[in-house]
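Chemist: Below is the structure I would like to discuss, written out as structure tokens.
Residue numbers (my numbering): 5 to 925.
Structural data, given as structure tokens:
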């Protein structure tokens, strides 16, 4: 073991409380909507109305007449809003900016109701009456809070608080939890507030009581810890707090805040640890043209127990009724928790259709004979639509009695048979397939057949593929347009490759002309060939299906681990580790929402396998904290009895850091994130699976930097961090930077790459980034880096990564994609990379494309020579393959290689895996 050495920029990591596993004490059973009121807009203030209330430049709050007008408008706003919220069925309101909009920072709220008398006396005079209107109406009230304090500019000492642009500004403090407790106490006592949005729940990072600052003096910030949120909850257990940003551990003591672009699976991952967890969502941030299409979004969220905000403003009047209808259609157990007797009583006595529907849906969660008995007559006799909900409820019960009743009823006629088909589809059970297939053979009632087809698609059973393909063909030339549409949809949902040929045939038949876009989409979904030229042309598909086979590969067939979806279009940047020989495997990767572009939101998620990677659990989010942009680049290292997970935490394109979380129980619970890289104006970015432990116990991380200067793309530098004390402190090797060489066109080394054209090399920025490092047999380290010069660059370190030789071009030609090095147990080196295509080399072409080939090679002499490559990713150019990571299984020696498969260069993409045989390859 080396003696720990601290470089000049080493940073001491701070111990934080564990985010996972905290005892959950937060419980807010009311999940009805909350009205949001915005009284002013930052940046809109006028001499007569300096706080900008109602965005009215003419209202003069300094005169008695103006104050009277403000009181009148506030009273009317309260009365109208209270009526609106009650009509929608809301639980209360929250005022974002009771202090007004004079704060000279865009989209920033003072978040301190205590200072209202000083900063806005005109509002202070009417605020009590305003909030009383809501309380008298039986509604909750709330305001915005922040963990910072407000300080005022002193005219006698203008040099004090130099950052303040106006009369006052925010000042961070040593006790953010105490400040928050005091603000809540004030608002509760004065206005009865019990709902609080916590804006910008960050506070300066302190070490030994001293604030950590970046170069230039700006403070380094941290997210409030779970313990600080817990302290607020323990003092005020009867309030709802939803912080703007969340860590997993917050949900033990609070809710969270969410916006439409980061919906994901709502709060499902948090509920695995904290069953009562939810977020408060702000759909007002959706684009206007999206509103009308979000019925399903709202219904799914309400069923999951999420809470929605709606802005009480004329411009958003359409959303309140939309939310009201969604709640009526999708009441969950949060709306009115009811025991089985109460549900049975409501079903027997109520004549209100929505109330009966809610009772029927709730009965689906009770696997009780009395619930089944109550639902059966409704399924068999009702004609007002409740029969469909009764059938679905019976399917969700899934009891033998319920399933027997559904199977018997679906063989009949009319609405009962339709309802039974719906129930069989909802059951998710294999035994439901055969009775539905029997319906396709025997029933002549269109409604029943349609319901059976839909149910087979919902079940996603390959057992139904043959019958549906036969049906697809038999429907040619018939007027049964709806049956054709439903059959195509069911085959797409099932995703069986056996449906490809029948779908291609249907694509060319005139009776399917209106469905060609849907058929093309189904084929793309089943085959993964999302960029097939002219996908509505059957001949185009036939050419694709008979395309020449790609290079021979010794790898297993490709296994899709995480398929891309509309919700999560990109799964990339994996890292995997085997906890014990032959034991559980953990796999972490970045899951993107939005369009899946590099700058879109993404979180690190993790799944596990207990059978050597053949099957995988569902993915759950890791408690890395929420960056303003995204979190990616995971890398595992075993350190004693703990497991470290390193990752990149990016707030902006040139503002990112390397952080770490740790677990001592195989990933069940994790510590809160801690910084590896020091506070600075430099951005640190790490590729996936770049954390390595050397034979002597040193941890090495390889990453690259951006300086934050105006043209960061031309300022990439390669950096290695190292720790000799199990990650407590870190040293940093000197950054390997490059500058222009006046003697050479373009950047240094451009002229030494003969397969690059001079003209192209002269115009492209020279980049060396996304490095990878492996330990050699003599203990030295080998580095390869991605470059824009058609081949990898290489460097060596002979002191464990403390110092490095100059980066020079290697003989390994490559696409502009990262290399991946790994040392195997038998001493060989493994390299995985994207080679240039033969066409690129023949044309002396800048090697960038969709990375159509991914290959692996092995070296037995520490990288001096490499054996022949084995192709592990190639499908005739349909997809590209990139960002690999490998795991060598301890018992079998098999190598699992995880990587992204994409029809473009990087996104959208699936996460896939192939197996390489154990032993020498």
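Virtual Cβ for every residue (Gly too), placed ideally from N, Cα, C.
Predicted model, so just to flag it, every value in this text is computed and none were measured.
(1) Under the rule that 16 or more other beta-carbon atoms within 10 Å means buried, what is residue 431, buried or exposed?
(2) Find the nearest neighbour of residue 483 within the set 517, 472, 498, 456, judged by alpha-carbon distance.
(3) Measuring CA to CA, which of 249, 611, 395, 308 is closest to residue 272?
(4) Would you call residue 918 buried or exposed, if buried means 16 or more other Cβ atoms sit within 10 Å of its Cβ?
(5) CB residue 891 to CB residue 580, shorter than 8 Å?
(6) For the candidate residues 679, 75, 644, whose alpha-carbon lies nearest to that of residue 661?
(7) Decide if residue 738 is buried, meaning its Cβ has at least 16 other Cβ atoms within 10 Å, or exposed.
(8) May I ask you to report which of helix, strand or coil DSSP gives residue 437?
(9) How long is the line joining the alpha carbons of residue 859 and residue 796, rounded to whole angstroms?
(10) Can you name, in chain order, every residue of its own chain whose Cβ lies under 7 Å from the Cβ of residue 531, other than the five neighbours on each side?
(11) Helix, strand or coil: how does DSSP classify residue 875 here?
(12) Put residue 630 into one of helix, strand or coil per three-state DSSP.
(13) On the DSSP bridge assignment, give the partners of residue 653 in chain order.
(14) Give the secondary structure of residue 375 by DSSP, where H, G and I count as helix, E and B as strand, and everything else as coil.
(15) Can you tell me which residues form a DSSP beta bridge with residue 473?
(16) Do residue 433 and residue 470 have their beta-carbon atoms positioned less than 8 Å apart in this structure?
(17) Taking just the CA atoms, how far does residue 611 sit from residue 62?
(18) Restricting to Cα atoms, I'd like to know which of 635, 618, 683 is closest to residue 609.
(19) Report the three-state DSSP secondary structure of residue 807 (helix, strand or coil).
(20) Thinking C-beta only, is residue 102 closer than 8 Å to residue 66?
(21) With distances taken Cα to Cα, identify the nearest neighbour of residue 543 among 566, 511, 565.
(22) Relative to the alpha-carbon of residue 594, which residue among 910, 898, 138, 201 has its alpha-carbon at the smallest distance?
(23) DSSP on residue 126, reduced to helix/strand/coil?
(24) Using the rule of at least 16 other Cβ atoms within 10 Å of the residue's Cβ for burial, across every protein chain shown, is residue 705 buried or exposed?
(25) Let me make sure I understand the geometry here. Which of 628, 787, 702, 525 has the alpha-carbon closest to that of residue 673?
(26) Taking the alpha-carbon of residue 138 as reference, which of 113, 195, 173 has the nearest alpha-carbon?
(27) Count the other CB atoms, across all protein chains shown, that sit within 10 Å of the CB of residue 916; report buried if there are 16 or more and exposed otherwise.
(28) Compute the Euclidean distance between the alpha carbons of residue 921 and residue 260, then round it to the nearest angstrom.
(29) Give every residue of the same chain whose Cβ lies closer than 7 Å to the Cβ of residue 583, excluding the five residues on either side of it in the sequence, and list them in chain order.
(30) Could you tell me the alpha carbon to alpha carbon distance between residue 385 and residue 548, rounded to whole angstroms?
(31) Between residue 585 and the rest of its own chain, which residues show a CB-CB distance below 6 Å, the 5 nearest in sequence each way excluded?
(32) I believe residue 1 touches residue 640 by the beta-carbon criterion, under 8 Å. Please report the beta-carbon distance rounded to the nearest angstrom.
(33) Would you mind stating whether residue 927 and residue 778 have Cβ atoms separated by less than 8 Å?
(34) Please identify the residue among 390, 364, 440, 592 whose C-alpha is closest to the C-alpha of residue 411.
(35) Return the first residue and the last residue of the alpha helix (DSSP H) that residue 523 is part of.
(36) Any idea what DSSP makes of residue 315, helix, strand or coil?
Modeler: Checking against the coordinates, here is how it stands:
(1) One-based indexing of the chain shown puts residue 431 at position 427. Buried is the call here.
(2) The count along the chain shown starts at 1 and reaches residue 483 at position 479. Nearest C-alpha to residue 483: 517.
(3) Against the chain shown, residue 272 aligns to sequence position 268. If you compare the alpha carbons of 249, 611, 395, 308 with that of residue 272, the shortest gap goes to 308.
(4) As a first step, residue 918 is located in the chain shown; it is residue number 914 there, counting from the start. Under this definition residue 918 is a buried residue.
(5) For the purposes of this step, residue 891 is taken as the residue at position 887 of the chain shown. For the purposes of this step, residue 580 is taken as the residue at position 576 of the chain shown. When the beta-carbon positions are compared, residue 891 and residue 580 come within less than 8 Å of each other.
(6) Counted from its first residue, the chain shown places residue 661 at position 657. Selected option, being the one with the closest Cα: 679.
(7) The residue labelled residue 738 in the question sits at position 734 within the chain shown. By the neighbour-count rule (16 or more Cβ atoms within 10 Å), residue 738 is not buried but exposed.
(8) Residue numbering aside, residue 437 sits at position 433 when the chain shown is read from its first letter. Of the three classes helix, strand and coil, the one that applies to residue 437 here is helix, per DSSP.
(9) To locate residue 859, count along the chain shown from 1; it is residue 855. To locate residue 796, count along the chain shown from 1; it is residue 792. Taking the Cα positions, residue 859 is about 15 Å away from residue 796.
(10) Along the chain shown, read from residue 1 onward, the residue named residue 531 stands at position 527. Within the same chain, residue 531 has close Cβ partners 504.
(11) Within the chain shown, numbered from 1, the residue matching residue 875 stands at position 871. Under the three-state reduction of DSSP output, residue 875 falls in the strand class.
(12) As a working note, residue 630 is residue 626 in the chain shown. In the three-state reduction of the DSSP assignment, residue 630 falls in the coil class, being assigned neither a helical nor a strand state.
(13) Here residue 653 refers to the residue found at position 649 of the chain shown. DSSP output for residue 653 lists 635, 661 as bridge partner(s).
(14) The residue labelled residue 375 in the question sits at position 371 within the chain shown. Here residue 375 carries a helix assignment [DSSP, helix/strand/coil].
(15) Sequence index remark: in the chain shown, residue 473 carries index 469 (1-based). Residue pairing for residue 473: DSSP places it in no beta bridge.
(16) Taking the first residue of the chain shown as position 1, residue 470 is located at position 466. Taking the first residue of the chain shown as position 1, residue 433 is located at position 429. A distance of 8 Å or more separates the beta carbons of residue 470 and residue 433.
(17) Counting from one through the chain shown, the residue named residue 62 turns up at place 58. Counting from one through the chain shown, the residue named residue 611 turns up at place 607. In a straight line, the C-alpha of residue 62 is about 59 Å away from that of residue 611.
(18) Position 605 of the chain shown holds residue 609. In terms of Cα proximity to residue 609, the closest of 635, 618, 683 is 635.
(19) Start at 1 with the first residue of the chain shown, and residue 807 comes out as number 803. Three-state DSSP puts residue 807 in coil, outside helix and strand.
(20) The residue labelled residue 66 in the question sits at position 62 within the chain shown. The residue labelled residue 102 in the question sits at position 98 within the chain shown. Contact annotation: residue 66 and residue 102 have beta-carbon atoms that are not nearer than 8 Å.
(21) Your numbering for residue 543 matches position 539 in the chain shown. Restricting attention to 566, 511, 565, the CA atom closest to the CA of residue 543 is found in 511.
(22) Here residue 594 corresponds to residue number 590 of the chain shown, with the count starting at 1. The shortest Cα separation from residue 594 among 910, 898, 138, 201 belongs to 910.
(23) Residue mapping note: residue 126 aligns to position 122 of the chain shown, counting from 1. Residue state, collapsed to three classes: helix.
(24) Here residue 705 corresponds to residue number 701 of the chain shown, with the count starting at 1. Residue 705 counts as buried, since no fewer than 16 other beta carbons sit within 10 angstroms of its beta carbon.
(25) The residue you call residue 673 lines up with position 669 of the chain shown. That would be 628, whose Cα lies nearest to the Cα of residue 673.
(26) Here residue 138 refers to the residue found at position 134 of the chain shown. Of the candidates 113, 195, 173, the one whose C-alpha sits nearest the C-alpha of residue 138 is 195.
(27) Residue numbering aside, residue 916 sits at position 912 when the chain shown is read from its first letter. In the assembly as shown, residue 916 is a buried residue. Its beta-carbon has 16 or more other beta-carbons within 10 Å.
(28) To locate residue 921, count along the chain shown from 1; it is residue 917. To locate residue 260, count along the chain shown from 1; it is residue 256. About 46 Å.
(29) Translated into the one-based positions of the chain shown, residue 583 becomes position 579. Excluding positions up to five away in sequence, the list reads 590, 670.
(30) For the purposes of this step, residue 385 is identified with residue 381 of the chain shown, where counting begins at 1. For the purposes of this step, residue 548 is identified with residue 544 of the chain shown, where counting begins at 1. C-alpha separation (whole angstroms): 51 Å.
(31) Here residue 585 is taken as the residue at index 581 of the chain shown, counted from 1. Take residue 585, set aside five residues on each side of it, and the residues of its chain with a beta-carbon closer than 6 Å to its own are 894, 895, in chain order.
(32) With the chain represented from 5 up to 925, any question about residue 1 goes unanswered, as that position is not in the structure.
(33) Here the chain has residues from 5 to 925 only, and residue 927 is not among them.
(34) Working through the chain shown from its first residue, we reach residue 411 at position 407. Residue 440 is the option with its Cα nearest to residue 411.
(35) Taking the first residue of the chain shown as 1, we reach residue 523 at position 519. 520–531 is the extent of the alpha helix (DSSP H) around residue 523.
(36) Residue mapping note: residue 315 aligns to position 311 of the chain shown, counting from 1. If DSSP states are grouped into helix, strand and coil, residue 315 belongs with the strands.
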